[in-house]
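S.K.: To convert, note that position 366 of the sequence shown is 366 in the UniProt record's numbering; the numbers rise steadily by one, no gaps.
In this text, a Cβ means the ideal position worked out from N, Cα and C, and glycines have one as well.
The structure's right below; bear with me while I get my questions together.
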Amino acid sequence: MEVEGIASNNSKPSNLSIEQDQDKGTQNEDCGLTSAHTIDHGWKWGIICLIVVGLYVAYANWLLASFHVIDGQRFIRYRDLMGFVYGKNMYRITWTFQCSTLLLVNMGFILLGGKALKEINSEFHDSPLRLQYYIVITGALYFLFSFFIPTISAMRNWLGASAVLTLSYIIMVLIVLVKDGKSNSNKDFHISGSEGSKVFNAFGAISAVIVCNTGGLLLEIQSTLRKPPVKNMRKALYSQFTMGVMFYYGVTIVGYWAYGSMVSAYLPQNFSGPRWINVLINAIVFLQSITSQHVFAAPIHEALDTRFLDVNKGMHSGKNLKNLFLLRVLFFLGNTLVTAAFPFMGDFVNLLGSFSLVPLTFTFPSMVFIKVKGKKTRTAKKAWHWFNIVFSSLLTVATTISAVRLIVDNIQKYQFFADA
Numbered sequence: 001m002e003v004e005g006i007a008s009n010n011s012k013p014s015n016l017s018i019e020q021d022q023d024k025g026t027q028n029e030d031c032g033l034t035s036a037h038t039i040d041h042g043w044k045w046g047i048i049c050l051i052v053v054g055l056y057v058a059y060a061n062w063l064l065a066s067f068h069v070i071d072g073q074r075f076i077r078y079r080d081l082m083g084f085v086y087g088k089n090m091y092r093i094t095w096t097f098q099c100s101t102l103l104l105v106n107m108g109f110i111l112l113g114g115k116a117l118k119e120i121n122s123e124f125h126d127s128p129l130r131l132q133y134y135i136v137i138t139g140a141l142y143f144l145f146s147f148f149i150p151t152i153s154a155m156r157n158w159l160g161a162s163a164v165l166t167l168s169y170i171i172m173v174l175i176v177l178v179k180d181g182k183s184n185s186n187k188d189f190h191i192s193g194s195e196g197s198k199v200f201n202a203f204g205a206i207s208a209v210i211v212c213n214t215g216g217l218l219l220e221i222q223s224t225l226r227k228p229p230v231k232n233m234r235k236a237l238y239s240q241f242t243m244g245v246m247f248y249y250g251v252t253i254v255g256y257w258a259y260g261s262m263v264s265a266y267l268p269q270n271f272s273g274p275r276w277i278n279v280l281i282n283a284i285v286f287l288q289s290i291t292s293q294h295v296f297a298a299p300i301h302e303a304l305d306t307r308f309l310d311v312n313k314g315m316h317s318g319k320n321l322k323n324l325f326l327l328r329v330l331f332f333l334g335n336t337l338v339t340a341a342f343p344f345m346g347d348f349v350n351l352l353g354s355f356s357l358v359p360l361t362f363t364f365p366s367m368v369f370i371k372v373k374g375k376k377t378r379t380a381k382k383a384w385h386w387f388n389i390v391f392s393s394l395l396t397v398a399t400t401i402s403a404v405r406l407i408v409d410n411i412q413k414y415q416f417f418a419d420a
């Protein structure tokens, strides 16, 4: 096996690699403040899609977790693994895919936080401010959190609060959904549009389900777990794709039952009240988005910090604090500006989820398996992984075309900086 890439044990020290051994473990943050619009196929095919995609993502992550260590070499970054196995070009491709996905996901969270704040304000005022004001407020608060909590290791004390917020959100949302579903007698589950548009919408929904089930950060998260990392990562995956998915899919399915095909992409917009629970749910969405976005942005922060901070000095040294402040300001200033300009940022998240997250999740793990274990494995197993590579590549093309089509359609409907 050719070894050309940058393996983690030999790479430049970083804030992540310096602090990772101090961590007592972390959990995977899902984007899962869920919406029932992910069932865009109707009842039958929508539920089949949720189950099949969930199982496929679970298997792909289970497979990738086994490559945390190869021939005694430990990998704390996905790009290091791909560089080790396939060379420098795959290192760059993997990092480009990860970076583009994480940047767009961060912008998606900024939009989510802005919508939550606008919904809170609309409960008290008939004419709330434009969405862009709330996006700016959200970006500013994300910046403050990332400056004072600069690394994943520093987040350990926030994970418990995050879990409580998530559980509270699920319970309150389910209560409201059941109440609204029972009182809503005009539910329409018909999927409108031509056969062609239904097919494109179906692929768009598949992309959305993938984005909400995985983030392309498995090895980065795995590096923070106690030993043995493979066993503990798989335990976490079992938990995520049993109990976690049950709650996530539960909210999605009950939401679709409550409001039908007219359900909003941002589920709390459909809630009938009372006011206090609408405010509380949107507040939880906003607070949870702060911690979730930080997990997804952490690899980019780590790469920037490694490049521009002095790792031989403490994080809180004067020079490092100044550079850290500038890095975080520039990062969130750019992301907030782009998010404010594109009120349909969620479409771009789906685009990158299609173009980059599908290969990261499904294609690359099978490529690693064939390169590392292909000579010693059975023909049937090799054929299975080649099937995964071909199928996921075709899925990438189909979901990307669907996402581009949706963006083009929305560009015709919206203006830049529209109050969507």
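Rounding to the nearest angstrom, what Cα-Cα distance links Tyr78 and Ala163 in this structure?
M.R.: Taking the straight line joining both Cα atoms gives about 26 Å.
S.K.: What span of residues does the alpha helix (DSSP H) with Val408 cover, start to end?
M.R.: It spans 379-413 - the alpha helix (DSSP H) in which Val408 sits, taken as one unbroken run.
S.K.: Do Ile300 and Leu102 have their C-beta atoms within less than 8 Å of each other?
M.R.: Contact: yes.
S.K.: Alpha carbon to alpha carbon, how far is Phe325 from Lys147? Give it in angstroms, no decimals.
M.R.: It is worth fixing the name first, because residue 147 is Phe in this sequence and not Lys. Going from the Cα of Phe147 to the Cα of Phe325 covers about 6 Å.
S.K.: So what's Ile191 in DSSP terms, helix, strand or just coil?
M.R.: Three-state result, Ile191: coil.
S.K.: With the cut-off set at 8 Å, would you say Ala258 and Asn184 are in Cβ contact?
M.R.: Yes, Cβ-Cβ distance for Ala258 and Asn184 is below 8 Å.
S.K.: Counting pairs of Cβ atoms below 8 Å between the segment 110-118 and the segment 276-290, do you hit three or more?
M.R.: Because the criterion of three Cβ pairs below 8 Å is met, the segment 110-118 and the segment 276-290 touch.
S.K.: Give the DSSP-derived three-state secondary structure of Gln70 in the structure shown.
M.R.: Here the sequence assigns Ile to residue 70, which means Gln is not the residue at that position. Correct three-state label for Ile70: strand.
S.K.: Decide if the segment 357-377 is in contact with the segment 389-406; the criterion is three or more beta carbon pairs, one per stretch, under 8 Å apart.
M.R.: Result yes; three or more Cβ-Cβ pairs closer than 8 Å.
S.K.: Quick check: Asn335 and Asn106, are their CB atoms within less than 8 Å of each other?
M.R.: A contact, by the Cβ cut-off of 8 Å.
S.K.: What runs of the beta strand (DSSP E), each 3 residues or longer, lie entirely inside the segment 251-313?
M.R.: Segments of the beta strand (DSSP E) lying fully in the segment 251-313: there are none.
S.K.: Phe296: which of Ile152, Thr379, Leu280 sits nearest, CA to CA?
M.R.: The shortest Cα separation from Phe296 among Ile152, Thr379, Leu280 belongs to Ile152.
S.K.: Return the first residue and the last residue of the alpha helix (DSSP H) that Leu64 is part of.
M.R.: Leu64 -> alpha helix (DSSP H) spans 43-65.
S.K.: Got a sec? Which residues, its chain only, sit under 6 Å from Ala58 by beta carbon, not counting five neighbours each side?
M.R.: The answer, listed in chain order, is Phe241.
S.K.: From the DSSP output, in three-state form, read off Met367 for me.
M.R.: Correct three-state label for Met367: helix.
S.K.: Could you tell me if Leu330 is buried or exposed, where buried requires 16 or more neighbouring beta carbons within 10 angstroms of its beta carbon?
M.R.: With fewer than 16 other Cβ atoms within 10 Å, it is exposed.
S.K.: Kindly indicate which three-state DSSP category Asp80 falls into: helix, strand or coil?
M.R.: Residue state, collapsed to three classes: helix.
S.K.: With distances taken Cα to Cα, identify the nearest neighbour of Thr224 among Ile76, Leu104, Ala383.
M.R.: It is Ile76 whose Cα lies nearest to the Cα of Thr224.
S.K.: With 16 other CB atoms within 10 Å as the buried threshold, where does Phe203 fall?
M.R.: When all chains shown are included, Phe203 counts as buried.
S.K.: Return the residue from the list Ala398, Ile48, His68, Asn186 that minimises the CA-CA distance to Arg226.
M.R.: Residue His68 is the option with its Cα nearest to Arg226.
S.K.: Measure the beta-carbon distance from Ala65 to Leu237 and round it to whole angstroms, keeping in mind my assumption that it falls under 8 Å.
M.R.: About 7 Å; that satisfies the 8 Å criterion.
S.K.: Please list, in chain order, all residues of the same chain as Ile290 whose beta carbon is under 8 Å from its beta carbon, the five residues on each side excluded.
M.R.: Result list for Ile290: Gly113, Leu141, Tyr142, Phe145, in chain order.
S.K.: Excluding five sequence neighbours on each side, which residues of the same chain lie with their C-beta closer than 8 Å to the C-beta of Arg234?
M.R.: Result list for Arg234: Trp62, Ala65, in chain order.
S.K.: Using the C-alpha atoms, what's the distance from Ser127 back to Ser264?
M.R.: Distance between the alpha carbons of Ser264 and Ser127: 20 Å.
S.K.: Tell me whether Gly72 is buried or exposed, calling it buried when 16 or more other Cβ atoms sit within 10 Å of its Cβ.
M.R.: So Gly72 ends up on the exposed side.
S.K.: When you compare only the Cα positions, how much space is there between Ala380 and Ser366?
M.R.: Rounded to the nearest angstrom, the two C-alpha atoms are 13 Å apart.
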